[in-house]
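Asker: The structure follows.
Residue numbers (this note's numbering): 30 to 548.
Listed below in structure tokens is the structure:
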């Protein structure tokens, strides 16, 4: 029998969607016979099945352009490590070596076409600052290579010896901060006081006290802050929020979140390109330490700073902060009433640094009648999606969504699927190949939603959209999706877990005084 056009589209998109389905694959849908026949047999109107009248999130349109030649924004970057360079990439700036690699891999034309397809944000990179001179010099090379051809052509990129001089410059309107966690707030507060807008990599703050300080500084000065949780742009979390608000899950009583890795790289014991070249001569050690206690020069502390409490925030600041923000988008949980955390350093660098490699935390929200858990291990690489357990259905969510009906659901009692099999599945059609991502850690990041998203019929890098939102709000005086209030909730929540782990006691949030009570 000849297939209709709709049947062909359904088959194509559904099969593409299944390639992103973690571990279940085709078999999670109970296919026994010809898969195409069963796909068409299972085709239903999802609105009718979910008992909702519309899907609003997936009809979202890209926001209108706000920039022009007369409103160009001059941006300085503080911290040109791997993440700093990634942010420049999202703005269209690439190192010449990377461009040549695209040529060598014979995908240059396709890659360049995708780059030039991005909207012109009318942004120029005018300043670079890093405490490692090799990174700083590379940042200068990246900032002068706009592959999209959308810079003004007149901008002069300057290398600054420290963040203070960059912030004070009249050639910088806004800054991107991609430094170790302990310097996020000192740099961002100084920028706010100077009237410079801030894109701040996550997490927002190294401590609760610093989170209060930065939030208040942003509110007082009126600058625009965007915390770098780019998953705010992922369609799956926007749709998850809509489904929750429309009653698809019923009453939510529990949320489960996870981090699983099983390598030294995943445990932040890393040696990246150029790390072996670090010396006291090309690393500004005093500037790196900043507000942290004095320690003698140590390249391990410098390049693997995430493993030290003086500079990093551990598993919860590195990973759970992202996952928490995703769940906070969907449920608007805010700050928990209390947190209890356990764990230990059992497998990596035992006694040489501070970071636990097994971590469990429980976050209590009595006013919402629910708890959230975080289970993190750096000794098992099994990927697990976040799970939101409701009385009518349970949602597994990352860059995709799977819904499972509850055994005792009234809303879905007529849905024939077993509670063990998803009865609704959404995956953005990004045509992105997870297997093309090199490391297991990178694949985990990708599945968790840190890659492209699908909006307005287009595949777009989520980080680009997050930066675009920041730039647009600077021009329109609105509010970013991950502003100082949202970032404050993230910073307080994960820091409560770290405090509980450190003190081996429950931590309670004193909402009135914005402080914690230990024990």
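Where a beta carbon is used, it is the ideal one built from N, C-alpha and C, also for glycine.
Go through its chain and collect everything with a Cβ distance to residue 298's Cβ below 8 Å, but skip five positions before and after it.
Answerer: Closer than 8 Å at Cβ, skipping near neighbours: 333, 336, 377, 378.
Asker: Distance cutoff 8 Å, beta carbons only. Does residue 142 sit that close to anything in chain B?
Answerer: Note that chain B does not occur in the displayed structure, where there is just one protein chain.
Asker: Going by C-alpha to C-alpha distance, which of 327, 284, 490 sits closest to residue 419?
Answerer: The shortest Cα separation from residue 419 among 327, 284, 490 belongs to 284.
Asker: Verify whether the separation of the beta carbon atoms of residue 169 and residue 186 is less than 8 Å.
Answerer: Contact flag set, yes.
Asker: What is the DSSP secondary structure of residue 350, reduced to helix, strand or coil?
Answerer: Three-state result, residue 350: helix.
Asker: What distance in whole Å lies between the Cβ atoms of residue 513 and residue 248, which are believed to be in contact at a cut-off of 8 Å?
Answerer: At roughly 7 Å, the Cβ-Cβ gap stays under 8 Å, so residue 248 and residue 513 are in contact.
Asker: In whole angstroms, give me the CA-to-CA distance for residue 310 and residue 105.
Answerer: If I take the Cα positions, the gap works out to 24 Å.
Asker: Let me know the secondary structure DSSP gives residue 253 once reduced to three states.
Answerer: The answer is coil: DSSP assigns residue 253 none of H, G, I, E or B.
Asker: In whole angstroms, what separates the C-alpha of residue 98 from that of residue 502?
Answerer: In a straight line, the C-alpha of residue 98 is about 17 Å away from that of residue 502.
Asker: Does DSSP classify residue 304 as helix, strand or coil?
Answerer: DSSP places residue 304 in helix when its eight states are reduced to three.
Asker: State the Cα-Cα distance for the pair residue 542 and residue 111, rounded to the nearest angstrom.
Answerer: Distance between the alpha carbons of residue 542 and residue 111 is about 38 Å.
Asker: Anyone know if the C-beta pair for residue 197 and residue 214 falls short of 8 Å?
Answerer: Result no, Cβ atoms of residue 197 and residue 214 do not sit closer than 8 Å.
Asker: Can you tell me which of the three DSSP states residue 282 falls into?
Answerer: In this structure, residue 282 counts as strand in the three-state DSSP scheme.
Asker: May I ask which residues mark the beginning and end of the beta strand (DSSP E) holding residue 370?
Answerer: First-last of the beta strand (DSSP E) with residue 370: 367 to 373.
Asker: Find the nearest neighbour of residue 455 within the set 381, 432, 444, 296, judged by alpha-carbon distance.
Answerer: Cα-wise, what sits closest to residue 455 is 432.
Asker: Does DSSP put residue 320 in a helix, a strand or coil?
Answerer: Residue state, collapsed to three classes: coil.
Asker: Classify residue 75 as helix, strand or coil using the three-state DSSP reduction.
Answerer: Helix, per DSSP.
Asker: So, does the stretch 237 to 257 touch the stretch 270 to 289, judging by three or more C-beta pairs under 8 Å?
Answerer: Taking 8 Å as the limit for Cβ pairs, the verdict is that the stretch 270 to 289 does not touch the stretch 237 to 257.
Asker: May I ask which residues mark the beginning and end of the alpha helix (DSSP H) holding residue 532?
Answerer: First-last of the alpha helix (DSSP H) with residue 532: 513 to 532.
Asker: Could you pull the start and end residues of the alpha helix (DSSP H) that residue 95 belongs to?
Answerer: It is not in any alpha helix (DSSP H) - residue 95 carries neither H nor E in the DSSP assignment.
Asker: Which value, in whole angstroms, describes the spacing of the CA atoms of residue 402 and residue 127?
Answerer: The alpha-carbon atoms of residue 402 and residue 127 are separated by roughly 40 Å.
Asker: Could you spell out the range, first to last residue, of the alpha helix (DSSP H) harbouring residue 132?
Answerer: Unbroken alpha helix (DSSP H) run through residue 132: 125 to 133.
Asker: Indicate whether the contact test is met: 3 or more Cβ pairs, each with one atom in the stretch 141 to 151 and one in the stretch 490 to 499, closer than 8 Å.
Answerer: Output reads yes: the stretch 490 to 499 touches the stretch 141 to 151.
Asker: So, residue 252 versus residue 221, is the Cβ gap smaller than 8 Å?
Answerer: Contact: yes.
Asker: Measure the Cβ-Cβ separation of residue 393 and residue 366 and say whether it is below 8 Å.
Answerer: Yes; because the gap between Cβ atoms is below 8 Å, this pair is in contact.
Asker: State whether the stretch 416 to 430 contacts the stretch 262 to 270, with contact taken as three or more CB pairs (one from each stretch) at a distance under 8 Å.
Answerer: Yes, they touch.
Asker: Less than 8 Å between the beta carbons of residue 515 and residue 240, yes or no?
Answerer: Against a cut-off of 8 Å, the Cβ pair of residue 240 and residue 515 comes out as no contact.
Asker: For residue 93, which option in 526, 500, 370, 539 has the closest C-alpha, if you only look at C-alpha atoms?
Answerer: It is 500.
Asker: Buried or exposed for residue 199, going by 16 or more other Cβ atoms inside 10 Å?
Answerer: Exposed is the call here.
Asker: What is the DSSP secondary structure of residue 423, reduced to helix, strand or coil?
Answerer: Correct three-state label for residue 423: strand.
Asker: Rounded to whole angstroms, what is the Cα-Cα separation between residue 535 and residue 396?
Answerer: If you take the alpha carbons of residue 535 and residue 396, they lie about 18 Å apart.
Asker: I'd like the list of long-range same chain contacts for residue 497, defined as Cβ closer than 8 Å, with 5 residues on each side in sequence excluded.
Answerer: So the qualifying residues of the chain are 92, 148, 150.
Asker: In its own chain, which residues sit with a C-beta less than 6 Å from the C-beta of residue 59, not counting the 5 before and 5 after it?
Answerer: Below a pLDDT of 50, predicted positions are generally treated as unreliable, and residue 59, at 44, falls in that range; the measurement from the model is reported next regardless. So the list reads 450, once near-sequence residues are dropped.
Asker: Using the Cα positions of residue 74 and residue 115, report the straight-line distance between them to the nearest angstrom.
Answerer: Roughly 40 Å separates the two Cα atoms.
Asker: Whole alpha helix (DSSP H) runs in the stretch 174 to 254 with 4 or more residues, listed along the chain?
Answerer: With a minimum length of 4 residues, the continuous alpha helix (DSSP H) runs that stay inside the stretch 174 to 254 are 192 to 197, 213 to 222, 237 to 250.
Asker: Does DSSP classify residue 58 as helix, strand or coil?
Answerer: Residue confidence is low: residue 58 scores 40 on pLDDT, short of 50, so the model does not pin down where it sits. Its coordinate-derived value is still stated next. Of the three classes helix, strand and coil, the one that applies to residue 58 here is helix, per DSSP.
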